[in-house]
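Colleague: Numbering (the numbering used here), first residue to last: 5 to 121.
By construction, the Cβ of each residue, glycine as well, lies at the ideal position given by its N, Cα and C atoms.
Once you've had a glance at the structure underneath, I'll fire off some questions.
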Amino acid sequence: VGYGWIALGLVLLGLALFYPPLPMSNALHALSIGAFGTMIAGVMSRASLGHSGRVIRAGAGLSLVYILISLAAIARIVSAQFSTLPMMSLAGGLWIAGFTVFALLFTPLFFTPRPPR
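Structure (structure tokens):
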């Protein structure tokens with residue numbers, strides 16, 4: 005998911021360079037919120053699952069984390085295009101929701117014993 009956001013961010017950067025009415029911030033938000041956000045969640049989940057002895061697999065809950073972060077990036081890109089405060093608020097709320105779901109999923113792993121091998 006994160007690599008897709010990198011590609012989209014670079015495409016948006018190119019479009020903004022050749023079509024000035026398109027805000028450069030679209031590319032910035034695709035790269036920072038979309039790519040960085042999903043990559044950070046991916047690394048945290050991989051490390052948490054691996055070091056806690058769990059199967060490294062993205063279940064429904066972890067997929068929801070990626071979806072919420074990606075929706076936050078989309079909402080922020082749309083808000084940059086149209087300068088709407090409600091969309092910026094939605095983007096922030098989705099970002100918070102994504103990482104809250106992550107915290108709810110992974111906090112128990114940090115406080116329970118590692119399963120036997």
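1) Considering just the uninterrupted stretch of the alpha helix (DSSP H) at T88, what are its terminal residues?
2) On the premise that I10 lies in contact with A39, defined as a C-beta separation below 8 Å, what is that separation, rounded to the nearest angstrom?
3) Taking the alpha helix (DSSP H) that F40 falls in, what are its first and last residues?
4) Hey, could you find the ends of the alpha helix (DSSP H) L34 is sitting in?
5) Rounding to the nearest angstrom, what Cα-Cα distance links V69 and A45 in this structure?
6) Taking one C-beta from the segment 84-99 and one from the segment 27-37 each time, how about it: are there three or more such pairs within less than 8 Å?
7) Is M28 helix, strand or coil when you go by DSSP?
Modeller: The structure says:
1) Counting along the chain, no alpha helix (DSSP H) covers T88, and no H or E run does either.
2) Going by Cβ atoms, the distance from A39 to I10 rounds to 5 Å, so yes, they are a contact pair.
3) Note, F40: premise wrong, no alpha helix (DSSP H); not H, not E.
4) The sequence as given places Ala at residue 34; Leu does not occur at that position. That residue, A34, is in no alpha helix (DSSP H); it is neither H nor E in DSSP.
5) 8 Å
6) yes
7) coil
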